[in-house]
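Q: Would you mind keeping the following structure in view while I ask a few things?
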Amino acid sequence: TIIATDIAGNTAEKTVSVSVVDIGLSTSITWNNIGTDNIINTAEMATATLSGTVSVIGTVSSISVSSIVFKQGDTTVHVITTNLPAIVNNTWALANNSAWTSKLTQGDYTVIVNLAGKGASNQDVTGLNSITTKIDITQPAQPT
3 TIIATDIAGN
13 TAEKTVSVSV
23 VDIGLSTSIT
33 WNNIGTDNII
43 NTAEMATATL
53 SGTVSVIGTV
63 SSISVSSIVF
73 KQGDTTVHVI
83 TTNLPAIVNN
93 TWALANNSAW
103 TSKLTQGDYT
113 VIVNLAGKGA
123 SNQDVTGLNS
133 ITTKIDITQP
143 AQPT
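The numbering of the sequence shown is our numbering, which starts it at 3 and goes up by one.
Right, dumping it as structure tokens:
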């Protein structure tokens with residue numbers, strides 16, 4: 003019920019029905035081929051991939067990965083917006099490619115995977131998830 007009051011103090015009341023549709027997107031994110039310590043070394047970086055499974059709440063169609071963002075703290079290091087992985091049977095996989103792996107140097111990284119789709123009324127639906135990992139590709143000093 004909505005009640006409106008004018009400056010003279012007169013009120014008007016109107017009952018309205020509101021329908022809320024729960025829709026949403028999210029994805030898991032997994033680093034593959036990096037061992038079990040969640041630290042990526044030089045050898046692992048050469049074969050590392052990312053993958054995930056998309057979860058959908060409600061009716062969402064035309065779901066896609068809209069971008070993959072690599073950040074160190076608040077600094078965006080690299081963003082992938084082209085040649086993004088397709089979502090097939092609610093799963094996606096980003097192949098190893100030096101176009102993105104070469105941008106990741108020593109340090110802690112957060113990977114953010116952004117999703118986009120269309121709801122039943124053709125409204126835009128977005129979702130995301132993130133995962134953190136450490137990259138340790140600096141070779142230790144050799145004894146002399």
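Cβ atoms here follow ideal geometry from the backbone N, Cα and C, with glycine treated the same way. Note that the structure is a prediction, hence the values are computed from the model and not measured.
Per DSSP, what are the beta-bridge partners of residue 59 in this structure?
A: Answer by DSSP bridge pairing, in chain order: 26.
Q: Which ranges does the beta strand (DSSP E) cover as unbroken runs of at least 3 residues, wholly within the segment 50-94, from first to last along the chain?
A: You should have 51-59, 62-74 and 77-82.
Q: Start and end of the alpha helix (DSSP H) containing residue 45?
A: From DSSP, the alpha helix (DSSP H) with residue 45 extends over 44-47.
Q: Can you give the Cα-Cα distance for residue 98 and residue 17, rounded to whole angstroms?
A: Between residue 98 and residue 17, the C-alpha separation is close to 57 Å.
Q: DSSP three-state call for residue 103: helix, strand or coil?
A: Residue 103 falls in the helix class under three-state DSSP.
Q: By how many angstroms is the C-alpha of residue 67 removed from the C-alpha of residue 29?
A: Roughly 10 Å between the two C-alpha positions.
Q: Is the segment 128-141 in contact with the segment 81-100, if contact means three or more CB pairs nearer than 8 Å?
A: In short, these stretches do not touch, since the Cβ pair count stays below three.
Q: On the CB-based measure, 16 or more other CB atoms within 10 Å of its CB, does residue 59 come out buried or exposed?
A: Result: exposed.
Q: For residue 143, does the three-state DSSP call read helix, strand or coil?
A: In this structure, residue 143 counts as coil in the three-state DSSP scheme.
Q: For residue 25, which option in 125, 132 and 52 has the closest C-alpha, if you only look at C-alpha atoms?
A: It is 125.
Q: Decide if the segment 113-120 is in contact with the segment 64-80; the criterion is three or more beta carbon pairs, one per stretch, under 8 Å apart.
A: Yes: the two stretches touch, three or more of their Cβ pairs being nearer than 8 Å.
Q: Pull up the distance between the alpha-carbon of residue 134 and that of residue 32, whole angstroms please.
A: The alpha-carbon atoms of residue 134 and residue 32 are separated by roughly 10 Å.
Q: For residue 132, report the span of its beta strand (DSSP E) as first-last.
A: Unbroken beta strand (DSSP E) run through residue 132: 126-137.
Q: For the beta strand (DSSP E) that contains residue 109, what are its first and last residues?
A: Element bounds for residue 109: 109-121.
Q: Considering only C-alpha positions, which residue in the set 36, 74, 15 and 88 is nearest to residue 132?
A: Nearest option by C-alpha distance: 74.
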